[in-house]
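Just so you know, this note's numbering puts 133 at position 68 of the first sequence, and the rest follows in order with no gaps.
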Amino acid sequence: MDKKELEQKVDEILDRGILVEFLPTKEEFRNKLLAGEKLRFYIGADPTAKALHLGHAQNLMVLEDFRRLGHEVIFLIGDFTGMIGDPSDKSSARVKQTRAEVEANFSAWKDQVKNILDFEDKENPVLIKYNSEWLGKLNFGDVLELASNFTVQQMLERDMFEKRMNEGRPIYIHEFMYPLMQGYDSVAMDVDVEMCGTDQIFNALAGRTLMQKMKNKDKFIIAAKLIADEKTGMLMSKSNGTGVFLDLDANNLFGAIMSQPDGMIKPLAIGCTRISLSEIEKLMQLENPRDAKLKLAWEIVKIYHGKERADEAREYFINTFSKKELPDEVAEEKATEGEEMLNFIVRAGFASSKGEARRKIEQGGVSIDGQKISDIKQTLTKDLFNGKILKVGKKNFIKIVF
RNA sequence: GGGUCGGUGGCAGAGCGGUCAAUUGCAUCAGACUGUAAAUCUGACGACUUCGGUCUACGGCGGUUCAAAUCCGUCCCGGCCCA
66 MDKKELEQKV DEILDRGILV EFLPTKEEFR NKLLAGEKLR FYIGADPTAK
116 ALHLGHAQNL MVLEDFRRLG HEVIFLIGDF TGMIGDPSDK SSARVKQTRA
166 EVEANFSAWK DQVKNILDFE DKENPVLIKY NSEWLGKLNF GDVLELASNF
216 TVQQMLERDM FEKRMNEGRP IYIHEFMYPL MQGYDSVAMD VDVEMCGTDQ
266 IFNALAGRTL MQKMKNKDKF IIAAKLIADE KTGMLMSKSN GTGVFLDLDA
316 NNLFGAIMSQ PDGMIKPLAI GCTRISLSEI EKLMQLENPR DAKLKLAWEI
366 VKIYHGKERA DEAREYFINT FSKKELPDEV AEEKATEGEE MLNFIVRAGF
416 ASSKGEARRK IEQGGVSIDG QKISDIKQTL TKDLFNGKIL KVGKKNFIKI
466 VF
């Protein structure tokens, strides 16, 4: 690849706007990339979650871009750091996980992101490392040595800690160790670039400091913006009800994207698809944001489940929710003669208790072949219900069979 | 070590002897509406129920009382201040 082509590709990545913070500077990072040297990138992930979400996906897609440019990419599983829990989020101590649990989670992740990150490339696959490999070997003396590179005041600068101090909420000693550990990861792997979300910059900076002190090397930090609603600034997260996990099947993934607020369309299109910027602009001009969202949902589903599934999921969504038709294929659940409807709804997994099932019926959320039912004492009999479609709420369908 | 405040439903956080299965917000669920599973509005939101109730729950254990999330004792856990 000649110089011009390289420059164009590098700028394409940088101009997309996903990366918003560069340390020491964007200019220096760009020059480093243009120098043509093979660099070692890494990103870390906490293995406590069973599924990755679209925020991870965004960051991994950027790394894949760098991998395609010939750089080395390490996907670090923070199995050791995961034992502490990143103080960035509110929870403090976490449950210690066994290696087997960590590996089980990771193999699920790998399955979720195998279409955006190439683990199988013959020449330059994405490498996987576990930080217990080195962190687990440090002894107390090593830890003291590491800790002596930082002051309590430096740690307290972290906005999170500062906030907790002001609010009189606890900060545990071991939480101070988190940035140290994450920092040591950089040293142990001898990386050139760490990628993270903007909420992780503090931790990444600890690594930069350690790299300078221990290896006399200038590590770059590139930070991606967190996916947030353009209008309200609300982050995509589970507690806001907008988190989208990658282990969803095609239909549910499609639906989860359709239920995003409109302000999320553009950030998601930029961060989580490969649609070109100019095409995204066109999409944003569409009169009905729903159509832009349909396209977005299709593009994202396509990445994880393929084109065919994406088409099906779109059709399913339109039929089921826009036109309120029945889906083509409905799962079946066996009923027994004389079984209570309430009981059946619970067994089908549409309510967690009979009380909840009762409530759904009372609120008009349950229907049989389109006929709302109102009798909570309804029982199922073969001659009346065999083969009928039970609908609970908007999205749950099941065929009653005997 | 001393003092002091606190531990409540998925989370945050009220209640401080009966009217408490416990106000409210977030999350969740159902309905209406819509451009969508957006937004907004309405309702629900411990379990079981013959729909009258029954049971289990406000850190653990024990007590006072006709009656305790609420009072007392004790234990466990935590915050803050002082040392």
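We put the beta carbon where it would ideally sit given N, CA and C, even for glycine.
Spatial neighbours of residue i in its chain, beta-carbon cut-off 6 Å, leaving aside the 5 residues before and after
i	result
Leu300	Leu291, Ala293
Lys303	none
Met220	Phe241
Leu104	His136, Asp257, Val258
Glu398	Ala413, Ile463
Lys194	Ile139, Leu141
Ala269	Glu259, Cys261, Ile286
Met471	One cannot answer for residue 471 here, as it falls past the ends of the chain, which runs 66 to 467.
Pro326	Asp294
Ala158	Because Ala158 sits at a pLDDT of 44, beneath the cut-off of 50, its placement in the model cannot be relied upon, and the point is left open.
Phe415	Val457, Asn461
Lys437	Gly429
C-beta atoms of residue i and residue j nearer than 8 Å
i	j	result
Phe450	Met260	no
Leu361	Ala334	yes
Leu391	Ile322	no
Asn196	Asp250	yes
Val252	Lys280	yes
Leu88	Val178	no
Val132	Val208	In the sequence as presented, Val is not what sits at residue 132; that position holds Arg. The answer is no: Cβ separation not under 8 Å.
Asp111	Gly147	yes
Val309	Leu119	yes
Phe409	Gly320	no
Leu134	Lys74	yes
Lys331	Phe386	no
Thr401	Ile365	no
Run of the alpha helix (DSSP H) containing residue i, from where it starts to where it stops
i	result
Leu270	266-275
Gly468	Because the chain spans 66 through 467 in this model, residue 468 falls outside it and cannot be assessed.
Leu209	205-212
Val217	217-221
Ser197	197-200
Lys453	Run containing Lys453: none; DSSP gives neither H nor E here.
Glu166	164-178
Val309	Run containing Val309: none; DSSP gives neither H nor E here.
Ala315	315-323
Leu391	Element bounds for Leu391: n/a, residue is neither H nor E.
Lys115	Looking at the DSSP string, Lys115 is not in any alpha helix (DSSP H), and its letter there is neither H nor E.
Arg229	224-231
Asn408	406-412
Lys91	91-99
Gly147	Note, Gly147: premise wrong, no alpha helix (DSSP H); not H, not E.
Ala293	Premise fails: Ala293 is in no alpha helix (DSSP H) and is neither H nor E.
Val252	238-254
Gln332	Note that residue 332 is Pro in the sequence shown, not Gln. Here the alpha helix (DSSP H) through Pro332 covers 330-337.
Glu344	342-350
Other residues of its chain near residue i: CB distance less than 8 Å, five sequence neighbours each side excluded
i	result
Gly52	Limits of the chain in this structure are 66 at one end and 467 at the other, which puts residue 52 out of reach.
Thr274	Asn214, Phe215, Gly248
Gly452	Lys464, Ile465, Val466
Glu86	Thr263, Ile266, Ile286, Ile287, Ala288
Gly471	The chain is shown from 66 up to 467; residue 471 falls before or after that span and cannot be answered.
Asp448	none
Met230	Leu221, Ile236
Thr297	Pro326, Gly328
Leu471	Past the boundaries of the shown model lies residue 471; the chain is included only from 66 to 467, so the question cannot be answered.
Cross-strand partners of residue i (DSSP beta bridge)
i	result
Arg105	Glu137
Cys261	Ala288
Glu377	Per DSSP, none; premise fails for Glu377.
Val466	Lys399
Ile83	Answer is none; Ile83 lacks a bridge partner.
Gln436	Ile433
Asn461	Val457
Thr444	Glu405
Lys194	Leu141
Ala357	BP columns for Ala357 are empty, so no partner.
Leu88	Ile286
Leu300	Ala293
Same chain only: Cβ atoms within 7 Å of residue i, ignoring 5 sequence neighbours per side
i	result
Glu72	Leu99
Lys367	Ala375
Glu77	none
Phe267	Arg223, Pro244
Arg95	Val75, Leu79
Trp363	Ala375, Arg379
First and last residue of the uninterrupted beta strand (DSSP E) at residue i
i	result
Ile431	It is worth fixing the name first, because residue 431 is Val in this sequence and not Ile. Note, Val431: beta strand (DSSP E), 431-433.
**Message:** Closer than 8 Å is the cut-off here; do at least three beta carbon pairs connect the segment 309-323 with the segment 125-144?
**Reply:** With the cut-off at 8 Å, the segment 309-323 and the segment 125-144 do not touch.
Can you find at least 3 beta carbon pairs, one from the segment 114-121 and one from the segment 169-186, that sit closer than 8 Å?
Yes, the segment 114-121 touches the segment 169-186.
*When the Cβ atoms of the segment 328-348 are set against those of the segment 72-88, are three or more pairs found closer than 8 Å?*
In short, these stretches touch, since the Cβ pair count reaches three.
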